[in-house]
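S.K.: The structure that follows is given in the form of structure tokens.
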Amino acid sequence: MLRIPFMLRVCCLILALSLAGSAAVRAAPFEFSASAKKSFDQIVNNASASAATQLKKNYGELQSLQKQDVGMDTKISALRYKNQENDTLIRKRIKDIDKSKIASLEGDAAKAKQRYQPLFDLYNTQRSQLSLAKAAKNKELTSIMNTKVEVSKIAVQAAKKDISAKEAAVKKAKADATAKTKAVRGILDANKATESRIKAAKSAASHTKKLFAAESKVLLQTVRSGDAYGTSSSLSRMLVHIRQILIYKANMHYYETQIASVIAKAEAKLKSY
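When you line the sequence shown up against mature numbering (1 follows the signal peptide of the UniProt record, and there is no 0), it's residues -27 to -1, 1 to 246, in that order.
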């Protein structure tokens, strides 16, 4: 598999965030066109002092909150990218838990089998010869082969015991690795519920964003018609929407920090092995 250099990944991230930020600046923030701003300023000039102050304050706050919205998107995207990368890396490392240890033990077992195979072959040959001697009713040869078989039998039993011990060590190492893998994955599984909460918050933010966009059209209509009350009411509703969007996104960012904490906990667990 082709490995992407770390600095290249960083550059790609910066570029992606830059493009995402630019797209958000172009699409998300609402701002009056020159003609609409002129109409809005006219409404402000014709309004009472308190109403004019409130209109300017609300419009200024709307611009400020929209900038916060774009900034929050960048923070969420950066943290999410980092979490996804760290999650991928740790899951890859999970697959390698005790991999070298197991390979070494498997090698020991295989070498033992290979080392003892000539003994097993000799033992089988001697047993065959013993059977032939018995069949021939050759007492002297039977006695000789029986002695050889008994001597080899002791060695074979010791060899099989050694192989069994090595195979048991392999089995235990694999079981231990499986338990360790399950433990780390169990920690990471806690993020599934958090991912669902992020999805819900994202959906709610998207829905509210549509309400915000729809209200922005209402605002433009009231501004162009010179409706001071309608303009003030529409601005207030847009502020309610953008504040709610920021709450959803603050929750999303918080959830991403929770995911980061879980990944860090899983990382610490993995390092303890």
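Using N, Cα and C, we set each Cβ at its ideal position, and we do this for glycine too.
1) Decide if residue 37 is buried, meaning its Cβ has at least 16 other Cβ atoms within 10 Å, or exposed.
2) In angstroms, rounded to a whole number, what distance separates the CA positions of residue 19 and residue 3?
3) With DSSP run on the structure shown, which of helix, strand or coil describes residue 104?
4) What would DSSP say about residue 91, mapped onto helix, strand or coil?
5) How about the region 24 to 38 and the region 119 to 139: do they share at least three Cβ pairs that are nearer than 8 Å?
6) Taking Cβ positions, are residue 127 and residue 242 nearer each other than 8 Å?
7) Looking at the secondary structure, which residues open and close the alpha helix (DSSP H) in which residue 294 lies?
8) Would you identify the three-state DSSP class for residue 31, choosing helix, strand or coil?
9) Cα separation between residue 29 and residue 223?
10) Helix or strand or just coil, what does DSSP make of residue 185?
11) So which of 63, 97, 170 has the shortest CA-CA distance to residue 228?
12) Note down the Cα distance separating residue 79 from residue 140, rounded to an integer number of angstroms.
13) Are the CB atoms of residue 52 and residue 233 nearer to each other than 8 Å?
14) With respect to the alpha helix (DSSP H) encompassing residue 135, which residues constitute its N-terminal and C-terminal limits?
15) As a quick exercise: from 176, 189, 164, 209, pick the residue whose alpha carbon is nearest that of residue 60.
16) Out of curiosity, what's the CA-to-CA distance linking residue -5 and residue 187?
17) Using three-state DSSP, classify residue 4 as helix, strand or coil.
18) If distances are taken between C-alpha atoms only, which option among 192, 150, 143 comes closest to residue 246?
19) In whole angstroms, what is the alpha-carbon distance linking residue 206 and residue 43?
20) When the Cα atoms are used, what is the spatial distance from residue -9 to residue 46?
21) Under 8 Å by Cβ, that's how I've got residue 204 and residue 212 pegged, so tell me the actual separation to the nearest angstrom.
22) Distance, Cα to Cα, residue 138 vs residue 103?
23) Based on Cα-Cα distance, which residue from 9, 15, 39, 23 lies nearest to residue 218?
24) For the region 86 to 98 against the region 127 to 136, do three or more pairs of beta-carbon atoms, one drawn from each stretch, fall closer than 8 Å, so that the two count as touching?
25) Around the C-beta of residue -3, are 16 or more other C-beta atoms found within 10 angstroms, so that it is buried, or is it exposed?
26) Between the Cα of residue 176 and the Cα atoms of 185, 221, 197, which residue gives the shortest distance?
27) Grab me the residues of residue 178's own chain with a C-beta within less than 7 Å of its C-beta, minus the 5 sequence neighbours each way, in chain order.
M.R.: Reading from the atomic positions:
1) Classification for residue 37: exposed.
2) Taking the straight line from one Cα to the other gives about 23 Å.
3) In the three-state scheme derived from DSSP, where H, G and I count as helix and E and B as strand, residue 104 is classed as helix.
4) If DSSP states are grouped into helix, strand and coil, residue 91 belongs with the helices.
5) Segment contact: the region 24 to 38 against the region 119 to 139, fewer than three CB-CB distances shorter than 8 Å; contact not assigned.
6) With a cutoff of 8 Å on beta-carbon distance, residue 127 and residue 242 are scored as not near each other.
7) Missing from the structure shown is residue 294; the chain here goes from -27 to 246 and no further.
8) Three-state result, residue 31: helix.
9) Rounded to whole angstroms, residue 29 and residue 223 show a C-alpha spacing of 26 Å.
10) Helix.
11) Minimum Cα distance to residue 228 is reached at 170.
12) C-alpha separation (whole angstroms): 7 Å.
13) Yes, they are a contact pair.
14) Start and end: 112 to 161.
15) Closest by alpha carbon: 164.
16) In this prediction, residue -5 has a pLDDT of 41, which is less than 50 and means its spatial position is unreliable; nothing more can be read from the coordinates.
17) DSSP places residue 4 in coil when its eight states are reduced to three.
18) Taking only the C-alpha atoms, the option nearest residue 246 is 150.
19) Computed Cα separation, rounded: 24 Å.
20) Note on residue -9: pLDDT 44, under 50, position unreliable in the model; the coordinate value appears next. Near 12 Å, if we compare the C-alpha coordinates of residue 46 and residue -9.
21) Residue 204 to residue 212, Cβ: 13 Å. No contact.
22) Their Cα atoms are separated by approximately 30 Å.
23) Checked all of 9, 15, 39, 23; the closest Cα to residue 218 is 39.
24) Segment contact: the region 86 to 98 against the region 127 to 136, three or more CB-CB distances shorter than 8 Å; contact assigned.
25) Note on residue -3: pLDDT 33, under 50, position unreliable in the model; the coordinate value appears next. The residue in question, residue -3, is exposed, as its Cβ has fewer than 16 Cβ neighbours within 10 Å.
26) It is 221 whose Cα lies nearest to the Cα of residue 176.
27) Here the set comprises 218, 221, 222.
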